[in-house]
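Residue numbers (my numbering): 414 to 683.
Where a beta carbon is used, it is the ideal one built from N, C-alpha and C, also for glycine.
Structure first, then comments.
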Amino acid sequence: MNKRQQIFVTATIIIILIAASATVFFSFQNNTEDNKLKVVSSFYPLAFFTQEIGGENVTVKQLIPDNTEVHNWQPSSADLLAVEDADVIVYNGASLDHWFEDDILPVIDSDDKVIVETTEGIQLLETGQETDEREHEHEGNYDPHTWLSPFIAKQQAQNIYEALVRKDPNNEGYYSERWQTLKARFEELDNDYLTGLSTKGKDEVFVSHSAFGYLADRYGFKQHGVIGISADEQPSASVYVKLVEMMTEHETYVIYVDPVYSDESAQTLK
414 MNKRQQIFVT
424 ATIIIILIAA
434 SATVFFSFQN
444 NTEDNKLKVV
454 SSFYPLAFFT
464 QEIGGENVTV
474 KQLIPDNTEV
484 HNWQPSSADL
494 LAVEDADVIV
504 YNGASLDHWF
514 EDDILPVIDS
524 DDKVIVETTE
534 GIQLLETGQE
544 TDEREHEHEG
554 NYDPHTWLSP
564 FIAKQQAQNI
574 YEALVRKDPN
584 NEGYYSERWQ
594 TLKARFEELD
604 NDYLTGLSTK
614 GKDEVFVSHS
624 AFGYLADRYG
634 FKQHGVIGIS
644 ADEQPSASVY
654 VKLVEMMTEH
664 ETYVIYVDPV
674 YSDESAQTLK
């Protein structure tokens, strides 16, 4: 156990001891009246998928606040306590929420929990494939932005559905019905992309953050990012020069900016 994990464990024990006397009765009463599965997800898309499938049979806690940069977020001891109390744990994988595997899973009791790495079994894009072929420290060898493609997101949601059924088989019919509804929405959106982009006039897009590799791979275009897959990457002068040359070559002067990040790098190209 490393130093960071020791700090998490110590802080969690203190929180439990302080809160125990005030919460024992409430927890007992709540558990007897409410048999919902307690699910913790790392960030919003996975929380949304879980709620859509689980409906009234689940309560979902989302660890990372909305509009917060995902790659380098770090959990608190209170987050660790919430995960410890969960029945089902849902995270992205592909090294996006690497802190889940590094800081949380090693220090919790996972014997009675279903842990869902939603990208398990999914064909991941290697970094450099459909991107600007740069090295990315935090994401390892694969592009982690899987959920942005409805085709891939459907597969992630299916992994969540199967986990809920595994933990709560008595309600399989309920989960199955809701999963089929969500699945149809993914398939409709995927078809809209395929149809809408089949007659596109250009196949090059310029973005502030190279997060759209799975969309590009599925729907037949290429992205060029001011910053690469890693959100904390700082572009060099040569990157700006190359992007300006490509924008001129393709007569494309629009840059799509992710609102979670500063647009300073994109503004530099103006």
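- Item | Proximal residues to residue 625 (C-beta, below 8 Å), its chain only, five neighbours per side dropped | Closer than 8 Å at the Cβ level, and outside the excluded window around residue 625, lie 558, 561, 618 and 636.
- Item | Beta-carbon proximity list for residue 666, same chain, < 7 Å, skipping 5 on both sides | So the qualifying residues of the chain are 660.
- Using a Cβ-Cβ distance under 7 Å, would residue 668 count as near chain C? Absence of chain C from the displayed structure is noted, only one protein chain being present.
- Item | Close-in-space but distant-in-sequence residues of the same chain around residue 530 (CB under 7 Å, 5 per side omitted) | Excluding residues within five positions, the ones whose Cβ falls inside 7 Å are 504 and 506.
- From which residue to which residue does the beta strand (DSSP E) around residue 504 run? Per DSSP, residue 504 belongs to the beta strand (DSSP E) from 501-504.
- Task: Drop a sphere of 10 angstroms on the beta-carbon of residue 448, count the other beta-carbons inside from all chains shown, and report buried for 16 or more, exposed for fewer.
- Result: When all chains shown are included, residue 448 counts as exposed.
- Item | With 16 other Cβ atoms within 10 Å as the buried cut-off, status of residue 519 | Within 10 angstroms of the beta-carbon of residue 519 lie fewer than 16 other beta-carbons, which makes it exposed.
- Message: Let me check understanding here. Comparing Cα to Cα, which of 590, 587 and 630 lies closest to residue 607?
- Response: Residue 607 has its Cα closest to that of 630, out of 590, 587 and 630.
- Task: Note down the Cα distance separating residue 488 from residue 650, rounded to an integer number of angstroms.
- Result: Cα-Cα distance, rounded: 34 Å.
- Label residue 460 either buried or exposed according to how many other C-beta atoms from any shown protein chain fall within 10 Å of its C-beta, with 16 as the threshold for buried. Around the CB of residue 460, 16 or more other CB atoms lie within 10 Å, so the residue is classed as buried.
- Message: Give the list of continuous alpha helix (DSSP H) stretches no shorter than 4 residues that lie fully inside the stretch 445-478.
- Response: Taken in chain order, the complete alpha helix (DSSP H) segments of 4 residues or longer contained in the stretch 445-478 are 457-467.
- Query: Which residues in the same chain have their Cβ closer than 8 Å to the Cβ of residue 589, if we skip the five residues on either side of it in sequence?
  - Reply: Closer than 8 Å at the Cβ level, and outside the excluded window around residue 589, lie 574 and 578.
- Note down, in chain order, each residue of its chain lying with its Cβ closer than 6 Å to the Cβ of residue 479, except the 5 sequence neighbours on either side. Around residue 479, the same chain offers 457 as residues with beta carbons nearer than 6 Å, after the five sequence neighbours per side are excluded.
- Give every residue of the same chain whose Cβ lies closer than 8 Å to the Cβ of residue 669, excluding the five residues on either side of it in the sequence, and list them in chain order. If we look at residue 669 and ignore the five residues flanking it on each side, its Cβ neighbours are 618, 619, 620 and 621.
- Message: Taking its Cβ as the centre, do 16 or more other Cβ atoms sit within 10 Å of residue 492, making it buried, or is it exposed?
- Response: Buried.
- Note down the Cα distance separating residue 654 from residue 538, rounded to an integer number of angstroms. Residue 654 and residue 538: Cα-Cα distance of roughly 26 Å.
- Message: Taking the straight line between their C-alpha atoms, what separation do you get for residue 641 and residue 556?
- Response: Cα to Cα, residue 641 sits roughly 10 Å from residue 556.
- Endpoints, beta strand (DSSP E) assigned at residue 635: Its beta strand (DSSP E) spans residues 635-640.
- Item | residue 662 versus residue 540: straight-line alpha-carbon distance, rounded | CA-CA distance, residue 662 to residue 540, rounds to 25 Å.
- Message: Taking the straight line between their C-alpha atoms, what separation do you get for residue 657 and residue 609?
- Response: Distance from the CA of residue 657 to the CA of residue 609, rounded to the nearest whole angstrom, comes to 27 Å.
- Taking C-beta to C-beta, are residue 375 and residue 673 nearer than 7 Å? Nothing in the structure corresponds to residue 375, since the chain is present only between 414 and 683.
- Query: Between which two residues does the alpha helix (DSSP H) harbouring residue 527 extend?
  - Reply: No alpha helix (DSSP H) holds residue 527; the beta strand (DSSP E) holding it covers 527-530.
- Message: Please return the same chain residues whose Cβ sits closer than 7 Å to the Cβ of residue 585, not counting the five positions on each side in sequence.
- Response: The residues are 578.
- Given a cut-off of 7 Å, decide if residue 510 and residue 450 are closer than it, judged by their beta-carbon atoms. No, the Cβ-Cβ distance between residue 450 and residue 510 is not below 7 Å.
- Message: Going by beta-carbon coordinates alone, are residue 570 and residue 462 separated by less than 7 Å?
- Response: Less than 7 Å divides the Cβ of residue 570 from the Cβ of residue 462.
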